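Position one of the sequence shown corresponds to residue 291 (the numbering used here), numbered consecutively onward.
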Amino acid sequence: MKKIINITLLCALIIVSAVSCKKTTKGLRPVVTGGSGEILVLINDALWESAVGDTLKSILNDTQLGLPQDEPVLDVIHINHNAFSSMFKTHRSILDLRVSAKVKKSNLAVKDELYAKTQSFMKIEAKNNKAMIELLQENRNKIVAYFLLGERNRKIKTFRRNVVQEIFEKVKSKYQFTLSFPSGYKINKDEPDFLWISNETPTTSQGMFIYSYDYLSEDMFSKDQFIKRRNNLLKKYVPGPTEGSYMGTEMSYPIISRQFDFEGNYAYETRGLWKVENDFMGGPFVSVTFLDEKNNRVICMDSYVYYPNNNKREMLRELEAIMYSYDNTIK
Numbered sequence: 291m292k293k294i295i296n297i298t299l300l301c302a303l304i305i306v307s308a309v310s311c312k313k314t315t316k317g318l319r320p321v322v323t324g325g326s327g328e329i330l331v332l333i334n335d336a337l338w339e340s341a342v343g344d345t346l347k348s349i350l351n352d353t354q355l356g357l358p359q360d361e362p363v364l365d366v367i368h369i370n371h372n373a374f375s376s377m378f379k380t381h382r383s384i385l386d387l388r389v390s391a392k393v394k395k396s397n398l399a400v401k402d403e404l405y406a407k408t409q410s411f412m413k414i415e416a417k418n419n420k421a422m423i424e425l426l427q428e429n430r431n432k433i434v435a436y437f438l439l440g441e442r443n444r445k446i447k448t449f450r451r452n453v454v455q456e457i458f459e460k461v462k463s464k465y466q467f468t469l470s471f472p473s474g475y476k477i478n479k480d481e482p483d484f485l486w487i488s489n490e491t492p493t494t495s496q497g498m499f500i501y502s503y504d505y506l507s508e509d510m511f512s513k514d515q516f517i518k519r520r521n522n523l524l525k526k527y528v529p530g531p532t533e534g535s536y537m538g539t540e541m542s543y544p545i546i547s548r549q550f551d552f553e554g555n556y557a558y559e560t561r562g563l564w565k566v567e568n569d570f571m572g573g574p575f576v577s578v579t580f581l582d583e584k585n586n587r588v589i590c591m592d593s594y595v596y597y598p599n600n601n602k603r604e605m606l607r608e609l610e611a612i613m614y615s616y617d618n619t620i621k
């Protein structure tokens with residue numbers, strides 16, 4: 291009788307242990323691999339070299355706006371489906387493209403975290419090449435936006451785990467919201483109407499200017515008004531390396547603007563190039579200017595990168611992620 295009880299208890303322990311392991315390991319998923327801005331494209335060679343591949347390349351290799359030199363929106367890695375082994379399944383961004391007569395209806399579907407944490411996965415199917423090209427062209431902006439949003443969210447999640455507390459508290463007390471600056475960033479200048487935060491190395495500089503002012507009229511959101519205010523503040527607070535030099539906006543290069551919704555606020559994004567007046571320094575900038583209706587003020591987060599003769603896309607996207615880590619709910 292005692293032996294039967296012991297066996298019963300042992301079986302119960304095994305069952306409980308198995309259930310516990312299942313619950314524990316269910317959430318244990320690998321982290322994503324691959325470099326920031328990379329996308330793994332699953333497509334057979336024949337399609338890749340056809341008009342379908344050309345259409346896809348034109349989408350993924352499109353030029354990133356607002357940079358001084360041409361850089362693609364995404365860095366593409368192409369493999370065939372039969373080469374899609376476990377070593378590739380954890381890649382941060384995967385686009386699975388298939389053309390088959392068995393497909394009844396063209397379809398584009400996404401699945402977050404299919405094989406790994408924070409992974410972005412998209413599958414596009416069509417019954418023939420013509421239908422696939424049409425589907426790609428109709429959704430070109432949606433395709434790129436999905437993978438770029440995944441990249442941004444990954445960065446934000448990483449930054450929030452290890453913020454520079456001094457900057458976090460300074461932005462919170464000065465502007466009543468928070469931003470998650472990662473290690474390496476420091477407060478460069480703190481004025482009543484201007485905050486300058488930057489990450490400096492011997493060869494690079496990444497920085498953000500934050501400033502606010504009273505909202506008086508809709509004209510304050512025009513591109514001309516933004517550039518005028520920007521230039522005045524930078525001339526006042528951001529000196530260059532030589533006497534009489536200061537940061538400004540490169541007016542001979544296209545300045546790109548768009549209206550959008552930023553965390554429920556009317557906002558204006560501006561991209562272009564900055565330069566140092568009376569010197570030879572320069573690089574890209576991107577700013578988000580939004581209306582804080584509750585406090586009747588305009589907030590501007592203005593980010594820049596300096597890395598001469600090198601690619602700057604990912605450095606600028608890091609700063610964009612910091613801007614989009616904006617949180618006005620923390621008390």
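Ideal Cβ placement from N, Cα and C applies to all residues, glycine included. It should be emphasised that the depicted structure is a prediction, and the values quoted were computed from it without experimental measurement.
| Query | Result |
| --- | --- |
| Who are the Cβ neighbours of residue 505 in its own chain at under 7 Å, not counting the five residues just before and after it? | 581, 586, 587, 588 |
| Assuming residue 557 is part of the alpha helix (DSSP H), what are its boundary residues? | Counting along the chain, residue 557 falls outside any alpha helix (DSSP H), though it belongs to the beta strand (DSSP E) covering 555 to 567. |
| Comparing alpha-carbon positions, which option in 345, 527, 487, 499 lies nearest residue 590? | 499 |
| Does the beta-carbon distance from residue 416 to residue 321 come in below 8 Å? | no |
| Among the candidates 598, 461, 538, 604, whose CA atom is the shortest distance from the CA of residue 493? | 598 |
| Whose C-beta lies closer than 6 Å to the C-beta of residue 430 among residues of the same chain, with five residues either side of it excluded? | 349 |
| Less than 8 Å between the C-beta atoms of residue 548 and residue 354, yes or no? | no |
| Compute the Euclidean distance between the alpha carbons of residue 524 and residue 347, then round it to the nearest angstrom. | 39 Å |
| Could you check which residue in 502, 473, 469 has the C-alpha nearest to that of residue 483? | 502 |
| Just the Cα atoms here: how many angstroms apart are residue 461 and residue 477? | 10 Å |
| Going by DSSP, what residue range makes up the beta strand (DSSP E) through residue 346? | Element bounds for residue 346: not the beta strand (DSSP E) but the alpha helix (DSSP H), 341 to 350. |
| Return the chain-ordered list of same chain residues with a C-beta closer than 7 Å to the C-beta of residue 437, the five sequence neighbours on each side being excluded. | 329, 364, 383, 410 |
| For residue 420, count neighbouring C-beta atoms within 10 Å of its own C-beta (all shown protein chains included) and say buried if the count is 16 or more, exposed if not. | exposed |
| Select from 474, 534, 579, 471 the residue whose C-alpha is nearest the C-alpha of residue 622. | As displayed, the chain neither begins before 291 nor continues past 621, which places residue 622 out of reach and without an answer. |
| Does the distance from the CB of residue 425 to the CB of residue 414 come in under 8 Å? | yes |
| Do you know how far the Cα of residue 412 is from the Cα of residue 374? | 15 Å |
| Measuring CA to CA, which of 507, 515, 457, 511 is closest to residue 489? | 457 |
| Below 7 Å, is the gap between the Cβ of residue 369 and the nearest heavy atom of the ligand COA? | The ligand COA is absent from the structure shown, which contains no ligands of any kind. |
| What are the partner residues of residue 701, as DSSP defines its beta bridges? | In the structure displayed, the chain extends from 291 to 621; residue 701 sits before or after that span and is not available. |
| How would you label residue 551, buried or exposed, when you count the other beta carbons within 10 angstroms and need 16 or more for buried? | exposed |
| Between the Cα of residue 521 and the Cα atoms of 508, 541, 351, 507, which residue gives the shortest distance? | 541 |
| Would you call residue 472 buried or exposed, if buried means 16 or more other Cβ atoms sit within 10 Å of its Cβ? | buried |
| Confirm, please, whether the CB-CB distance from residue 612 to residue 439 is below 8 Å. | no |
| Would you list the residues sitting across from residue 484 in a DSSP beta bridge? | 481 |
| Using only CA atoms, which one of 465, 464, 326 lies nearest to residue 362? | 326 |
| Between the Cα of residue 534 and the Cα atoms of 556, 555, 566, 377, which residue gives the shortest distance? | 566 |
| Specify the secondary structure class of residue 466 as computed by DSSP and reduced to three states. | coil |
| Given a threshold of 16 other Cβ atoms within 10 Å of its Cβ, counted over all protein chains shown, does residue 615 qualify as buried or as exposed? | buried |
| Is the separation between the beta-carbon of residue 593 and that of residue 570 shorter than 8 Å? | no |
| Can you give, in chain order, each stretch of the beta strand (DSSP E) that sits fully within the segment 484 to 514 and has at least 3 residues? | 484 to 490, 495 to 504 |
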